[in-house]
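To start, the structure itself, in structure tokens.
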Amino acid sequence: MLGKTKFQPEDVMGGLYLGVAVTGLNALVAMGLVIAFM
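Take my numbering: the last position of the sequence shown gets the number 51, and nothing is skipped along the way.
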């Protein structure tokens, strides 16, 4: 990762995928907690 001066398309897609995955997991956990306490 060090030494790169510009973003690679693969890195951008990887970052977006990771962000979506983390957001989706957080949403699922939040929904699970809401359902559990209803």
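Think of the CB as a built atom: it goes at the ideal place given N, C-alpha and C, for glycine as much as any other residue.
For residue i, the three-state DSSP class (helix, strand or coil)
i, result
"Met44", "helix"
"Met51", "coil"
Alpha carbon of residue i to alpha carbon of residue j, nearest angstrom
i, j, result
"Leu29", "Val42", "20 Å"
"Lys19", "Leu46", "41 Å"
"Gly27", "Met44", "26 Å"
"Val25", "Val35", "15 Å"
"Gly32", "Gln21", "17 Å"
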